[in-house]
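Q: Residue numbers (the numbering used here): 791 to 928.
#1: Kindly indicate which three-state DSSP category residue 872 falls into: helix, strand or coil?
#2: For residue 791, I'd like the list of residues in its chain whose CB is within less than 8 Å of its CB, leaving aside the five on either flank, ordered along the chain.
#3: From this set, 836, 860 and 835, which residue's C-alpha is nearest residue 847's C-alpha?
#4: To which residues of the same chain is residue 825 closer than 8 Å at the C-beta, ignoring the five residues directly before and after it?
#5: Measuring alpha carbon to alpha carbon, tell me which residue in 828, 922 and 839 is nearest residue 877.
#6: Tell me whether the stretch 804 to 817 and the stretch 850 to 857 touch, counting them as touching only if at least three CB pairs, one residue from each stretch, are closer than 8 Å.
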């Protein structure tokens, strides 16, 4: 049996949500306890979340062929697809920032990195809320 194309987006979208939030919790724990193992777990959750986010974006475009919501991609605050693409790009920038910081190419205090991570995660969660409303889940 062939499934509706919307089903694939619904299957993929939960992974980046869980991975980004779990990665943030590991980063927060790593900051509080000064434990590099937590930071390493956070790094891998962030990396896998980006991979899952890209898959979710691809399946989202497939799903949108029947919805047409990306016909008008702006403003970002009300368009789920644009919001999530921006969020994943911000997470990619955060990953690059963390890599550069760990290799001592730049020197940003851990609290600043955590604040940036917090703001990106809040932006991401807002985008997931817009998507849930778009899918009539709220």
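All residues carry an ideal CB built from backbone N, CA and C; glycine is no exception. In this text the structure is predicted, and so the values were computed from the model without any measurement.
A: This is what the structure holds:
#1: Indexing the chain shown from 1 puts residue 872 at position 82. Helix.
#2: As a working mapping, residue 791 is identified with position 1 in the chain shown. Annotation note: pLDDT 45 at residue 791 (below 50); position unreliable, no value reported.
#3: Position 57 of the chain shown, counted from the first residue, corresponds to residue 847. It is 860 whose Cα lies nearest to the Cα of residue 847.
#4: By 1-based counting over the chain shown, the position of residue 825 is 35. Closer than 8 Å at the Cβ level, and outside the excluded window around residue 825, lie 819.
#5: Indexing the chain shown from 1 puts residue 877 at position 87. Measuring from the Cα of residue 877, the nearest candidate turns out to be 839.
#6: Judged by Cβ distances under 8 Å, the stretch 804 to 817 makes no contact with the stretch 850 to 857, as fewer than three pairs qualify.
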